[in-house]
């Protein structure tokens, strides 16, 4: 069986490293923390009860940069 939390953690680690490596100068103006992704994650299956509005609400509820 696949350990979903480990898979997501690895995906976030690898993608963060690659995105930062390829776009560091551009990203420096937007990211004020030493990490790229939020520690939390959401998984919505095709057969789940979450609809598009639920997903959008989840994403909009993530941390925003301080003003």
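Numbering (the numbering used here), first residue to last: 33 to 99. Each residue gets a CB set at the ideal place from its N, CA and C atoms; glycine is no exception.
- Under the three-state reduction of DSSP, residue 67 is assigned to coil, being neither helix nor strand.
- In this structure, DSSP gives residue 83 a state outside helix and strand, which the three-state scheme calls coil.
- In the three-state reduction of the DSSP assignment, residue 73 falls in the coil class.
- In the three-state reduction of the DSSP assignment, residue 39 falls in the helix class.
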